[in-house]
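4 protein chains.
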Amino acid sequence: MKNSFGQSLTVTLFGESHGEYIGAVLDGIAPGIKIDDEYIKERLSFRRPSGRISTARVEADEYKIVSGVYEGRTTGTPLCLIIPNTNKKSGDYSALRYTPRPSHADYTAEVKYHGFQDPRGGGHFSGRVTCALVAVGAIVASALKAQGIEIGTRVASLHGVRDREFECLKEDIELLNKKSFATLTYKAEEAMRREAECAAARGDSVGGVLETAVIGVPAGFGEPWFDTLEGVLSHILFSVPAIKGVEFGKGFEIADMLGSEANDPFIIRDGEILTETNNSGGINGGISNGMPIIFRCAVKPTPSIFCEQKTVDLNSRESASLKLEGRHDPAIVHRARAVVDAVTALALADMLCQRFGTDYLANCK
Amino acid sequence: MKNSFGQSLTVTLFGESHGEYIGAVLDGIAPGIKIDDEYIKERLSFRRPSGRISTARVEADEYKIVSGVYEGRTTGTPLCLIIPNTNKKSGDYSALRYTPRPSHADYTAEVKYHGFQDPRGGGHFSGRVTCALVAVGAIVASALKAQGIEIGTRVASLHGVRDREFECLKEDIELLNKKSFATLTYKAEEAMRREAECAAARGDSVGGVLETAVIGVPAGFGEPWFDTLEGVLSHILFSVPAIKGVEFGKGFEIADMLGSEANDPFIIRDGEILTETNNSGGINGGISNGMPIIFRCAVKPTPSIFCEQKTVDLNSRESASLKLEGRHDPAIVHRARAVVDAVTALALADMLCQRFGTDYLANCK
Amino acid sequence: MKNSFGQSLTVTLFGESHGEYIGAVLDGIAPGIKIDDEYIKERLSFRRPSGRISTARVEADEYKIVSGVYEGRTTGTPLCLIIPNTNKKSGDYSALRYTPRPSHADYTAEVKYHGFQDPRGGGHFSGRVTCALVAVGAIVASALKAQGIEIGTRVASLHGVRDREFECLKEDIELLNKKSFATLTYKAEEAMRREAECAAARGDSVGGVLETAVIGVPAGFGEPWFDTLEGVLSHILFSVPAIKGVEFGKGFEIADMLGSEANDPFIIRDGEILTETNNSGGINGGISNGMPIIFRCAVKPTPSIFCEQKTVDLNSRESASLKLEGRHDPAIVHRARAVVDAVTALALADMLCQRFGTDYLANCK
Amino acid sequence: MKNSFGQSLTVTLFGESHGEYIGAVLDGIAPGIKIDDEYIKERLSFRRPSGRISTARVEADEYKIVSGVYEGRTTGTPLCLIIPNTNKKSGDYSALRYTPRPSHADYTAEVKYHGFQDPRGGGHFSGRVTCALVAVGAIVASALKAQGIEIGTRVASLHGVRDREFECLKEDIELLNKKSFATLTYKAEEAMRREAECAAARGDSVGGVLETAVIGVPAGFGEPWFDTLEGVLSHILFSVPAIKGVEFGKGFEIADMLGSEANDPFIIRDGEILTETNNSGGINGGISNGMPIIFRCAVKPTPSIFCEQKTVDLNSRESASLKLEGRHDPAIVHRARAVVDAVTALALADMLCQRFGTDYLANCK
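Protein chains in written order, with numbering that gives the first Met the number 0: chain D, 0 to 364; chain R, 0 to 364; chain C, 0 to 364; chain X, 0 to 364.
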């Protein structure tokens with residue numbers, strides 16, 4: 000298995016930026032789950048470029064579910080969803096195959112695929128492919144929601160501009176899931192947009208940090224070794240293009256704490272066992288403890304920038320320089336958020352189905 | 000698959016802290032690899048508690064390879080390695096099942112296993128189990144070394160005490176792999192030891208950050224989606240008990256950089272294509288680019304501390320308190336380093352064997 | 000993983016008989032493999048119903064490769080192939096959901112999918128879905144052929160009518176791969192067609208036995224336990240609808256032989272190690288021995304017959320009867336042959352890529 | 000994954016005929032399952048050679064469970080079971096590495112493992128390794144029995160000598176599971192023993208056919224493609240050394256039947272939906288239909304015979320001859336039965352756990 004993820008609920012991705020379709024197959028999805036097209040469309044809109052801080056390439060993302068759904072509900076058989084690529088400008092990219100863009104996948108693709116990769120628009124490496132992830136993730140997320148599990152991701156910071164911290168998770172998640180630019184305050188959104196525009200004006204780009212909270216997760220799933228909850232989540236999170244770090248609970252900060260500060264004491268509230276703090280991010284020994292699952296992802300600045308950059312000519316094997324033109328995002332952290340939500344839903348649902356059986360996500364019994 | 004990892008080269012872990020043996024099965028290992036007992040023993044000694052900042056429970060770790068090796072070389076069939084548990088004091092733990100230790104796996108194990116888990120010494124969740132990982136990891140690491148791939152992990156910081164940064168990777172890795180306490184300077188080691196002892200004196204514990212470098216890795220392996228190099232490495236790294244964060248290259252720091260600062264320009268040196276900086280940690284688009292692979296892991300302070308802690312009585316479902324006694328480490332970050340090296344070797348070897356075939360690690364052709 | 004197969008080279012199937020598309024994703028395919036449309040079309044034509052002994056539902060099978068191919072060659076990224084369903088008559092099937100057809104999957108689908116399955120034309124269980132298997136199998140088979148590995152399947156018998164045995168494998172395979180009805184003699188084809196027509200005339204159906212030979216397979220791949228060559232091949236062969244038995248070499252006949260008759264003595268011919276007989280079907284201890292791989296599959300008569308049959312009304316839970324109408328094959332054994340060839344190619348290629356690396360199928364190095 | 004099987008419940012095998020231990024790891028087993036040592040011992044005794052028609056190498060099979068069991072019940076963590084090899088005569092085999100035994104795995108192992116395999120007693124290919132499968136299979140089988148699922152395998156024929164057919168499955172299974180030589184009549188047992196002794200007297204060996212019935216299996220599990228019930232069962236069955244064919248229900252016989260004869264009409268009896276006949280062996284469309292699962296396996300005669308045999312000298316690459324001495328079974332079909340029962344239990348339990356969750360096999364909820 001390579002470009003597939005999940006054991007009980009498996010997603011397989013395909014497609015290239017300038018191919019006919021990108022898409023995904025979702026296998027192992029329980030039967031009877033209602034397809035909520037409005038919700039899928041909304042999630043796709045959260046990923047879609049818009050405004051001055053996004054690429055000018057805008058796609059309608061008119062997905063089509065070609066199998067696994069009958070009369071508006073999942074059948075339980077593999078669900079294939081395809082999305083046509085319409086707004087393609089292949090000419091933009093033609094010169095780049097032999098002068099690889101720094102910190103893009105051009106060079107590694109050339110080595111791995113011996114030059115047979117599709118070079119147009121980043122090919123299979125394009126962020127465009129995440130569109131299909133967002134769409135199938137939305138199907139799974141709405142099934143999780145029906146089980147009381149809700150996911151929300153905020154732009155915690157963008158090039159150093161920070162939003163307020165999570166406070167009341169339930170309300171905060173609801174707020175985030177209504178917003179296209181997922182900050183908890185409008186002030187932060189504004190400041191971040193300005194920051195990104197400012198970088199864009201200089202032909203530069205910015206990164207940021209995403210923070211995700213998942214509530215309603217039952218205690219007791221995940222494995223002690225290898226298929227730990229952290230391990231499985233990070234595995235799929237690092238598929239989100241540009242993510243270079245994943246931390247759970249207090250994450251890297253916990254390395255500087257004392258045990259007496261870091262430990263989460265157990266308490267009982269309304270008959271329920273909780274922990275007083277949540278420095279562990281809801282996971283002990285690789286297994287959920289019933290508290291909210293909290294993690295953060297570092298998103299690097301988009302590598303497509305408009306200043307002149309050093310590179311190498313792969314034909315002559317000499318130094319070269321390149322200056323990008325075309326349509327690129329000065330920031331993708333706010334768009335990546337929709338992808339983080341999607342892969343979180345996919346990974347958690349897979350582990351829950353492994354634990355509780357393939358009907359777990361369904362309303363039927 | 001749960002407590003197994005790897006597709007071409009697979010490791011399966013078993014054992015409990017106070018059971019008869021802990022061990023591992025390594026399946027898919029190429030035939031003809033020489034077993035270097037001295038090297039395995041050295042790696043085990045790096046993981047073994049020692050000195051004042053470690054638990055008083057010391058084990059000889061007298062591993063025995065019971066299959067898959069014939070006349071000192073791997074046969075190519077599953078290699079099972081077992082290590083007896085000798086120094087067991089089961090009495091220490093008997094009271095803990097119903098008053099779970101904060102930030103340990105006691106509570107999550109109770110929920111997941113319905114009370115049937117082995118409660119003695121953390122059972123299957125015990126760091127003791129990593130002993131088997133270190134041993135099989137050492138077998139794989141020496142095979143990787145024969146292919147020119149070398150791994151070194153340093154204690155980058157311990158409760159805020161920092162060592163110097165990596166400078167010349169090849170020499171630094173060699174130095175680290177000779178040291179039991181893996182810092183690049185003896186001054187840092189001393190300061191860290193003092194810091195840990197100081198916490199121990201107060202019955203408290205400390206965490207830290209590990210930084211790993213891998214040199215000699217060929218370009219072009221890893222997958223664009225899901226089985227990215229970052230995803231696969233982080234998946235197994237989060238199995239190392241106490242790790243709560245993993246970051247590649249500049250990691251979380253990159254979130255605050257501009258694209259123009261973060262991008263790694265390609266250069267050519269002695270006919271070889273390199274990048275001028277290595278902010279990407281040797282990975283672009285999920286695939287190795289031929290530069291050293293660099294990552295950091297956040298290790299939380301050991302949750303076993305000797306102050307009184309709040310917990311819950313699982314029987315009466317009322318608040319309770321607990322005060323640990325017995326043998327515990329005030330710091331494990333320096334010991335975890337041997338486990339990080341081991342799992343890095345296992346994950347990289349697996350991906351290389353998937354890419355280049357099952358004989359990749361062997362001297363034979 | 001459920002509706003996917005393969006570890007290094009993975010195929011994922013999707014689609015329903017009356018959905019918009021059926022299709023497959025082929026992941027892990029080496030880059031640089033030329034897409035031979037003529038060959039794919041020919042293989043699809045071998046699966047397509049034709050003549051009097053096939054269903055009157057004929058589809059053009061106009062497949063479209065929507066990803067993973069660029070300028071006529073595989074890129075190395077997931078290849079998705081879709082085939083539209085055009086000739087649909089959904090009305091034919093509407094009554095059947097609550098009176099399941101004997102020996103079809105109607106009842107088991109109802110139980111498994113709680114009634115949410117697509118009931119039109121057998122839904123995801125339809126033999127129609129094998130079309131996508133045949134198409135991606137053809138891509139892989141032509142890559143295997145470039146490595147000297149050739150696959151041929153003959154209709155060994157149809158309702159007791161037998162063809163001659165394999166003689167010269169290379170020539171016989173070539174002959175078979177030119178024929179739409181894969182017998183080694185035209186006489187057998189004629190007799191079989193008559194037999195099937197005769198059954199059709201009575202509203203009945205017939206089964207048969209397929210025999211497959213694979214030549215050019217290198218010695219030394221397959222695993223001693225679980226992923227034996229026999230185990231992996233049979234696993235995928237039983238996916239071919241209607242197959243109820245798989246045997247290798249002498250198969251069930253060997254059970255009645257003496258060891259002295261069954262053993263295959265080693266001989267040397269032109270410097271090559273061979274066996275004098277091939278009762279083992281080219282496999283010893285689960286591993287290829289360099290001789291041709293030989294196996295046979297039992298194909299049951301198509302369950303769609305036109306006599307009145309006993310069934311049960313799932314609503315009233317009372318006895319019921321049903322009489323099928325519509326378009327059905329009186330025999331599928333000759334069409335199943337193309338599917339057997341395809342899955343054989345897929346399974347062997349996957350195991351070869353596991354053994355020799357992901358570039359094994361490519362012309363490039 | 001290679002020498003492992005199962006997705007939710009996974010077994011990993013290790014060990015060589017003349018190594019220190021053979022064993023298995025069972026991962027994913029539900030917590031709380033009682034270990035019934037008497038039952039495990041009985042199953043091992045059914046596999047153990049005994050009497051005149053078995054090898055003179057008899058092992059006590061004193062297994063030891065070294066992890067995953069606490070206070071007599073499974074903990075839910077990986078269960079490792081080891082069995083020492085005591086009765087080893089390594090001298091018997093020393094000459095064989097370069098003159099491979101016909102129809103054994105000597106030659107294929109030499110090619111696959113480049114000469115590094117353990118040549119003593121067949122090494123990892125030895126039937127001895129199945130001992131560990133039988134032991135862990137027995138743990139799973141007793142858990143299945145507690146869910147009402149019972150498995151029985153009969154020696155249907157041995158070198159043409161046949162037993163009576165299954166009649167009342169429940170009683171027949173109970174009878175078989177009390178017998179060391181699993182025929183339904185004592186007359187057949189006697190005739191078969193005579194047949195095998197007669198072959199043994201001539202230095203020859205015999206094969207046979209095993210037939211397995213499984214009752215109590217719920218309808219609705221298995222997958223339409225790839226992970227069909229037939230596919231998964233056959234995959235693991237072909238791991239049982241010497242099995243060369245697997246057929247379900249009427250198997251190869253169904254190829255000669257008409258659809259009207261082969262179809263299994265649905266009927267209702269005591270409110271339960273059944274089929275009148277069971278030509279499908281309990282499986283439609285790859286999914287269980289609630290009827291008994293029935294299959295047969297062809298077991299080849301043991302390749303170790305005492306007549307002179309042709310082989311090749313791998314050093315000189317010239318013709319050679321070999322005459323085996325030592326301890327070998329003239330028949331293993333009656334012993335293989337215990338292995339078939341074991342792998343059937345393992346495969347079904349895995350699929351049930353995938354379908355219904357990891358607690359399915361446990362008494363606890």
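By construction, the Cβ of each residue, glycine as well, lies at the ideal position given by its N, Cα and C atoms. A quick note: this is a predicted structure, and the numbers were derived from the prediction, not measured.
- At a Cβ-Cβ threshold of 9 Å, D:G67 and D:G31 do not count as neighbours.
- Ranking X:N86, X:T182, X:T211 and X:A254 by CA distance to the CA of X:S16 puts X:N86 first.
- For D:V133, the enclosing alpha helix (DSSP H) has its first and last residue at T129 to A145.
- Secondary structure note for X:G244: its beta strand (DSSP E) is the uninterrupted segment I242 to F247.
- When D:K169, D:F220, D:V24 and D:A297 are compared, the shortest CA-CA separation from R:F247 is found for D:A297.
- X:I253 places its beta carbon 9 Å or farther from that of X:A241.
- Per DSSP, X:F355 is one residue of the alpha helix (DSSP H) stretching across V332 to F355.
- The residues L273 and E275, in chain order, have a CB closer than 6 Å to that of X:I266 in the same chain once the five nearest residues on each side in sequence are set aside.
- Around the Cβ of C:T301, a 10 Å sphere holds 16 or more other Cβ atoms; the residue is buried.
- Interface flag for R:G356 against chain C is set, since a Cβ pair is found closer than 9 Å.
- Within the region 223–257 of chain D, P223 place their CB atoms closer than 7 Å to a CB of chain X, listed in sequence order.
- If you draw a straight line from the Cα of X:R316 to the Cα of R:A134, it is about 40 Å long.
- Rounded to the nearest whole angstrom, the CA to CA distance from D:S49 to D:I331 is 11 Å.
- For C:L360, the three-state secondary structure derived from DSSP is coil.
- Rounded to the nearest whole angstrom, the C-alpha separation of X:L209 and R:A131 is 40 Å.
- Distance between C:L174 and C:I282, taken at the CA atoms: about 25 Å.
- Residue environment for C:Y185: exposed (fewer than 16 other C-beta atoms within 10 angstroms of its C-beta).
- DSSP places C:R192 within a helical segment (H, G or I) once states are collapsed to three.
- A direct Cα-Cα distance of roughly 7 Å separates R:A190 from R:V160.
- The beta carbon of X:K249 lies closer than 6 Å to those of N278 in the same chain, with the five residues before and after it left out.
- By the CB criterion at 9 Å, R:I286 and D:K1 fall outside the cutoff.
- Listed along the chain, the chain X residues whose CB falls inside 8 Å of the CB of C:K309 are P264, F265, I266 and E275.
- Assignment of beta strand (DSSP E) within the region 7–57 of chain X, counting only whole runs of 3 or more residues, yields 9–14 and 20–26 in chain order.
- Judged by pairs of C-beta atoms under 8 Å, the region 233–240 of chain D touches the region 219–234 of chain R, as three or more such pairs exist.
- If you check each beta-carbon in the region 95–122 of chain X against every beta-carbon of chain C, the ones closer than 7 Å belong to P99, P101, S102, H103, A104, Y106, T107, A108, V110 and K111.
- A straight line joining the alpha-carbon of D:L78 with that of D:A348 spans about 15 Å.
- Non-local C-beta neighbours of R:G71 in its own chain, meaning closer than 8 Å and more than five positions away in sequence, comprise K33 and I34, ordered along the chain.
- Here the alpha carbon of X:A335 sits roughly 41 Å from the alpha carbon of R:G120.
- DSSP, read as helix, strand or coil, puts X:V110 in helix.
- In the DSSP annotation of this structure, R:D328 is not part of any beta strand (DSSP E), being labelled neither H nor E.
- Proximity of chain D to R:P302 at the Cβ level (cut-off 8 Å) is accounted for by G258, A261 and N262, in chain order.
- Interface residue (Cβ-Cβ distance to chain C less than 9 Å): R:Y62 is not classified as such.
- When the alpha-carbon of X:M256 is set against those of C:K299, C:F13, C:T152 and C:S44, the nearest one is in C:K299.
- Not a single C-beta of chain D is nearer than 9 Å to the C-beta of R:G147.
- Interface with chain C (9 Å Cβ-Cβ cutoff): D:A361 is included.
- For R:A261, the enclosing alpha helix (DSSP H) has its first and last residue at G258 to A261.
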